[in-house]
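Asker:
There are 2 protein chains.
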Amino acid sequence: MEKGTLYGVSIGPGDPELITVKAMNIISKCKYIATPHTGTGDSLALSIVSQATDLSQKEIMLLEFPMTKDKDILAESHKNAAESIAKVLDEGEDVAMLNLGDVTIFSTFAYTMDQLLEKDYDVEVIPGVTSFCASASKLRIGLTTMNDPLHIIPATGIDLKEALQMPGSKVLMKIGRSMPKLIETLKELNLEDNVYAVENCGLENEKIYNSLDEFDENMGYFTIVVVK
Amino acid sequence: MEKGTLYGVSIGPGDPELITVKAMNIISKCKYIATPHTGTGDSLALSIVSQATDLSQKEIMLLEFPMTKDKDILAESHKNAAESIAKVLDEGEDVAMLNLGDVTIFSTFAYTMDQLLEKDYDVEVIPGVTSFCASASKLRIGLTTMNDPLHIIPATGIDLKEALQMPGSKVLMKIGRSMPKLIETLKELNLEDNVYAVENCGLENEKIYNSLDEFDENMGYFTIVVVK
Chain H
4 MEKGTLYGVS
14 IGPGDPELIT
24 VKAMNIISKC
34 KYIATPHTGT
44 GDSLALSIVS
54 QATDLSQKEI
64 MLLEFPMTKD
74 KDILAESHKN
84 AAESIAKVLD
94 EGEDVAMLNL
104 GDVTIFSTFA
114 YTMDQLLEKD
124 YDVEVIPGVT
134 SFCASASKLR
144 IGLTTMNDPL
154 HIIPATGIDL
164 KEALQMPGSK
174 VLMKIGRSMP
184 KLIETLKELN
194 LEDNVYAVEN
204 CGLENEKIYN
214 SLDEFDENMG
224 YFTIVVVK
Chain U
4 MEKGTLYGVS
14 IGPGDPELIT
24 VKAMNIISKC
34 KYIATPHTGT
44 GDSLALSIVS
54 QATDLSQKEI
64 MLLEFPMTKD
74 KDILAESHKN
84 AAESIAKVLD
94 EGEDVAMLNL
104 GDVTIFSTFA
114 YTMDQLLEKD
124 YDVEVIPGVT
134 SFCASASKLR
144 IGLTTMNDPL
154 HIIPATGIDL
164 KEALQMPGSK
174 VLMKIGRSMP
184 KLIETLKELN
194 LEDNVYAVEN
204 CGLENEKIYN
214 SLDEFDENMG
224 YFTIVVVK
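So the sequences go chain by chain: H and U. For the first sequence, the residue numbers in the numbering used here are 4 to 231. For the second sequence, the residue numbers in the numbering used here are 4 to 231.
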């Protein structure tokens, strides 16, 4: 039997209208919809897509990706995800795996994809709108100027002070519990001016911050900070 | 009379299916479609959108943005573009200004927007798929790993050697005539491994390069180079 194709489908940052036509078409034709799940509550990706199209006839596959930094647990969860997907592909069915934002930027899909590519499965990747582009749009600012670089920086596990001193604009992602340290570092480097943030971009509880004074140490996981 | 709204509409990298649902809706409701034009030939943005929807009933506004680095000429063209758009907005009509890729990344829209925001016009920005995310999708590679930054680097007007030595992944854009120098610098820094490129991503003449050996000094303006 011919094997199915795995589609890595980017669904954008939250607003269901920011899904591309191609992503909608692929979701529509796949019977199996796989979505990352952290074990607590509903899948955000699934909730966004269900606002754009009817998923009631789909087979939903919840892939467990625990919120941990333990490499063994993570590797195990990627292996399990790849195996569940492979089982469906072996039956000749296609699978659309949903990813928030764009699938090539800080997504778990790359790990799942690599395992399936190694086993010669067909994988197709559908790009989407990143949360940082959507946030900059909401802020009505450009992220780049003529000849300056743009740095996309995960706020954990790096030297924040060094990163914030690079020339050009910076986007801070994956901030989570690093927010107090980020605020402190921005102040220390006198970067108060031209600092912006968007929390939960495109979701119901979206909030826009136009200066560092408005920042709050408890800003949530889905916060993007832009330093121009 | 109530003034119209200017929409900065990102249309993605080339594949008409990579336009978002929101962008399609806005293009559909606006009578005036503005598009950057370099004075030679057709507008690429217009050609992409016309594959996705019928534009025959639209008023097309060609905004002249010469391909030059002369700041005075550029400033003049941004001023002219803002004035043409303001005239239409004053008549109460909305304008959708098309932008390749995402409007917050190396687009001319930011300049036009700033001038109209200063004059208190309503501006709404619609994010889109960037050419670098689309290229990484085509290459089936992730642009980031767990805690590493990603640098989006314009290949002109910067110290290439220094930029390529930053930790994390790099995306090179706006390469144009810098390709020979870029290839030379990649070799000099022994970065031959894990170098990829996509030329004209999503367009008919798309070409994928999986290693530096395949690179060609004459690769075109719409080439994205990824260094992992």
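Virtual Cβ for every residue (Gly too), placed ideally from N, Cα, C. The model shown is predicted, which means the values in this text are computed figures rather than measured ones.
1. Could you check the C-alpha separation between Tyr234 of chain U and Arg143 of chain H for me, to the nearest Å?
2. Apart from the five residues on each side of it in sequence, which residues of its chain come closer than 7 Å, Cβ to Cβ, to Thr147 of chain H?
3. Apply the 10 Å Cβ neighbour rule to Gly95 of chain U and answer buried if 16 or more other Cβ atoms are within range, or exposed otherwise.
4. Please report how far the alpha carbon of Phe225 of chain U lies from the alpha carbon of Lys32 of chain U, in whole angstroms.
5. Output, in chain order, the set of chain U residues within a Cβ distance shorter than 7 Å of Ile156 of chain H.
6. In chain U, which residues lie less than 7 Å from Ala89 of chain H when you measure between Cβ atoms?
7. Between Glu20 of chain H and chain A, is there a C-beta pair that is closer than 8 Å?
8. Apart from the five residues just before and just after Gln54 of chain U, which ones in its own chain have a Cβ nearer than 6 Å to its Cβ?
9. Go through its chain and collect everything with a Cβ distance to Glu191 of chain H's Cβ below 8 Å, but skip five positions before and after it.
10. Using the rule of at least 16 other Cβ atoms within 10 Å of the residue's Cβ for burial, across every protein chain shown, is Ala78 of chain H buried or exposed?
11. My understanding is that Ser87 of chain H touches Pro69 of chain H, with C-beta atoms under 8 Å, so please give their C-beta distance in whole angstroms.
12. Is the stretch 129-137 of chain H touching the stretch 22-30 of chain H, taking contact as three or more C-beta pairs under 8 Å?
13. Shorter than 8 Å from the beta carbon of Lys25 of chain U to some beta carbon of chain H?
14. Below 7 Å on C-beta distance, what does Leu146 of chain U contact in chain H?
15. Of the choices H:Glu195, H:Ala200, H:Pro157, whose alpha-carbon is the least far from that of Ser181 of chain H?
16. For Leu120 of chain U, does the count of other Cβ atoms within 10 angstroms reach 16, so buried, or fall short, so exposed?
17. Report all residues from its chain with a CB closer than 6 Å to the CB of Ile155 of chain U; omit the five preceding and five following residues, and keep chain order.
18. When you compare each of H:Ala84, H:Glu220, H:Leu215 to His40 of chain H by their alpha carbons, which one comes out closest?
19. Roughly how many angstroms separate the alpha carbons of Val98 of chain H and Gly7 of chain H, rounded to a whole number?
20. Suppose the cutoff is 6 Å on Cβ atoms and the five residues either side in sequence are ignored; what does the same chain contact list for Leu49 of chain H look like?
21. Tell me, please, whether the CB atom of Pro130 of chain U is closer than 8 Å to any CB atom in chain H?
Answerer: Taking the geometry as given:
1. Only positions 4 to 231 of chain U appear in this structure, which leaves residue 234 of chain U out of reach.
2. The residue you call residue 147 of chain H lines up with position 144 of the first sequence. Leu153, Ser172, listed in sequence order.
3. By one-based count along the second sequence, residue 95 of chain U stands at place 92. So Gly95 of chain U ends up on the exposed side.
4. Here residue 225 of chain U refers to the residue found at position 222 when the second sequence is read from its first residue. Here residue 32 of chain U refers to the residue found at position 29 when the second sequence is read from its first residue. So the two alpha carbons sit approximately 30 Å from each other.
5. The sequence position of residue 156 of chain H within the first sequence is 153, counting from 1. Simply Pro152.
6. Residue mapping note: residue 89 of chain H aligns to position 86 of the first sequence, counting from 1. Here the premise fails: no neighbours, minimum Cβ distance about 17 Å.
7. Included in the structure are the protein chains H and U, with no chain A among them.
8. As a working note, residue 54 of chain U is residue 51 in the second sequence. For Gln54 of chain U, where only same-chain residues beyond five positions count, the Cβ hits under 6 Å are Pro19.
9. Taking the first residue of the first sequence as 1, we reach residue 191 of chain H at position 188. Hits under 8 Å: Lys164.
10. Along the first sequence, one-based indexing puts residue 78 of chain H at 75. Ala78 of chain H comes out exposed.
11. Position 84 of the first sequence, counted from the start, is the residue given in the question as residue 87 of chain H. Position 66 of the first sequence, counted from the start, is the residue given in the question as residue 69 of chain H. Actually they do not touch by this definition, with Cβ atoms about 15 Å apart.
12. yes
13. Against the second sequence, residue 25 of chain U aligns to sequence position 22. True, the Cβ-Cβ gap to chain H drops below 8 Å.
14. Translated into positions along the second sequence, residue 146 of chain U becomes position 143. Simply Thr107, Ile108.
15. Residue numbering aside, residue 181 of chain H sits at position 178 when the first sequence is read from its first letter. Nearest of H:Glu195, H:Ala200, H:Pro157 to Ser181 of chain H, Cα basis: H:Pro157.
16. In the second sequence, the residue the question calls residue 120 of chain U occupies position 117. Leu120 of chain U should be labelled exposed.
17. For the purposes of this step, residue 155 of chain U is taken as residue 152 along the second sequence, with counting starting at 1. Cβ within range, chain order: Val174.
18. As a working mapping, residue 40 of chain H is identified with position 37 in the first sequence. His40 of chain H has its Cα closest to that of H:Ala84, out of H:Ala84, H:Glu220, H:Leu215.
19. Here residue 98 of chain H corresponds to residue number 95 of the first sequence, with the count starting at 1. Here residue 7 of chain H corresponds to residue number 4 of the first sequence, with the count starting at 1. Roughly 7 Å separates the two Cα atoms.
20. Position 46 of the first sequence holds residue 49 of chain H. Once the five neighbours on either side are set aside, the close Cβ partners of Leu49 of chain H are Thr38.
21. Your numbering for residue 130 of chain U matches position 127 in the second sequence. For Pro130 of chain U, the answer is yes, since a Cβ of chain H falls inside 8 Å of its Cβ.
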